[in-house]
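Presented below is the structure to which this report refers.
Numbering (our numbering), first residue to last: 56 to 445.
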């Protein structure tokens, strides 16, 4: 399986100048190749392939010697990126999407990475050696396990530089676990497990919102081209980066807890883009970033030999997890009360139990009687015994 190791790098001022020049040339090549494809189709109804454009690179270097300062495979990867953009465009067209998204020209300010696909880089004596650039300081906080396949150098909006190694490695299976859990994502709590345990919602964006509003106001009133505007832009970028880092760290920690504990983890297959159209909850939904948890849990589970399943969320909050009856309720009703079997549960806990049942059914596993799973964690058993004692 493939895994990415990301390390902070600290290039010198001269190296930053060289890297930025490389990015500028890569951006220019990308835009020129896109223009060639557009013109060829508009004038002659002819498609230009990636191989044809790659074969032109030696001639380009003769006319524009500055392109010789960039590693040959880096330039080839730029053309492959454009080819992938066209492949994705045609795939969306065939799928019948209304907004297929034709490839667009890239701004230099937004072209922030380049890739060494196979060669041209190495880690030697604690430094990262890049062909045509030199030896860079690298903060290698953990060893790379596996065979390095390619390297991407990227710049963040706050002008930080990172090296991302794509590595082919063996899975790291964990001891087998017979436990399964359903995960219901929400806004009151970030998520609730089928045993009733909540994962509290940290609301990182809401916590920084006032500071962000002040910074964005100062940015909006600063004149374009003014050094003060560049300074304010970086302040805003730092705040957004801090929020994104908090979310990512939270998702890493919670996904690791789930994978370490459960053998089967079942999520809802949520239409996040559709949910964001509800302007009353869009900001809170974007702040929660549930999909990040699902993605991180999925790849960690694949490495650990665990199973992640996504199920249709339709009516998971309405169906009674005790007897299967439909109990309709609005969003403001936070407690599930079933008149048929007398089950009283938190709304999200009820939904998580239904998600668990649906996931086990999709795997062909028995779910027990009364729509209850035969896979019940120790925590749920203790919660049930406490309720009986009460």
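Backbone N, C-alpha and C fix where the C-beta goes; we use that ideal spot for every residue, glycine too.
Please read these numbers as outputs of a predicted model, since none were measured by experiment.
Exposure label - residue i; buried when at least 16 CB within 10 Å
{"i": "residue 283", "result": "exposed"}
{"i": "residue 66", "result": "buried"}
{"i": "residue 114", "result": "exposed"}
{"i": "residue 138", "result": "buried"}
{"i": "residue 291", "result": "buried"}
{"i": "residue 402", "result": "buried"}
{"i": "residue 196", "result": "exposed"}
{"i": "residue 124", "result": "exposed"}
{"i": "residue 342", "result": "buried"}
{"i": "residue 179", "result": "exposed"}
{"i": "residue 208", "result": "buried"}
{"i": "residue 396", "result": "exposed"}
Separation of residue j from residue i, as counted between CA atoms
{"i": "residue 424", "j": "residue 376", "result": "Residue placement at residue 424 is poorly supported in this model, since its pLDDT is 35, which falls under 50; the coordinates are not used for a value here."}
{"i": "residue 411", "j": "residue 154", "result": "35 Å"}
{"i": "residue 302", "j": "residue 95", "result": "44 Å"}
{"i": "residue 187", "j": "residue 171", "result": "12 Å"}
{"i": "residue 262", "j": "residue 74", "result": "36 Å"}
{"i": "residue 71", "j": "residue 421", "result": "59 Å"}
{"i": "residue 372", "j": "residue 389", "result": "10 Å"}
{"i": "residue 226", "j": "residue 355", "result": "9 Å"}
{"i": "residue 128", "j": "residue 386", "result": "54 Å"}
{"i": "residue 76", "j": "residue 117", "result": "18 Å"}
{"i": "residue 384", "j": "residue 392", "result": "10 Å"}
{"i": "residue 108", "j": "residue 173", "result": "19 Å"}
{"i": "residue 132", "j": "residue 126", "result": "10 Å"}
{"i": "residue 298", "j": "residue 265", "result": "13 Å"}
{"i": "residue 150", "j": "residue 158", "result": "17 Å"}
{"i": "residue 336", "j": "residue 185", "result": "46 Å"}
{"i": "residue 313", "j": "residue 379", "result": "27 Å"}
{"i": "residue 294", "j": "residue 269", "result": "11 Å"}
{"i": "residue 163", "j": "residue 130", "result": "16 Å"}
{"i": "residue 102", "j": "residue 279", "result": "40 Å"}
{"i": "residue 260", "j": "residue 305", "result": "13 Å"}
{"i": "residue 235", "j": "residue 368", "result": "18 Å"}
{"i": "residue 394", "j": "residue 231", "result": "39 Å"}
First and last residue of the uninterrupted alpha helix (DSSP H) at residue i
{"i": "residue 105", "result": "105-110"}
{"i": "residue 73", "result": "68-99"}
{"i": "residue 307", "result": "282-316"}
Beta-carbon gap between residue i and residue j smaller than 8 Å
{"i": "residue 419", "j": "residue 319", "result": "no"}
{"i": "residue 203", "j": "residue 217", "result": "no"}
{"i": "residue 191", "j": "residue 183", "result": "yes"}
{"i": "residue 309", "j": "residue 254", "result": "yes"}
Rounded Cβ spacing between residue i and residue j (contact assumed at less than 8 Å)
{"i": "residue 242", "j": "residue 407", "result": "So it is not a contact: roughly 15 Å between Cβ atoms."}
{"i": "residue 63", "j": "residue 194", "result": "4 Å"}
{"i": "residue 346", "j": "residue 327", "result": "6 Å"}
{"i": "residue 449", "j": "residue 88", "result": "Since the first and last residues shown for the chain are 56 and 445, residue 449 lies out of range."}
{"i": "residue 213", "j": "residue 332", "result": "Wrong, their Cβ atoms sit about 31 Å apart, outside the cutoff."}
Neighbour flag for residue i against chain B, beta carbons, 8 Å
{"i": "residue 345", "result": "Although the question refers to chain B, the structure presented lacks it and comprises just one protein chain."}
Span of the beta strand (DSSP E) around residue i
{"i": "residue 170", "result": "168-171"}
{"i": "residue 190", "result": "189-194"}
{"i": "residue 185", "result": "182-185"}
{"i": "residue 410", "result": "Segment 402-417 is the alpha helix (DSSP H) holding residue 410; no beta strand (DSSP E) there."}
{"i": "residue 365", "result": "362-366"}
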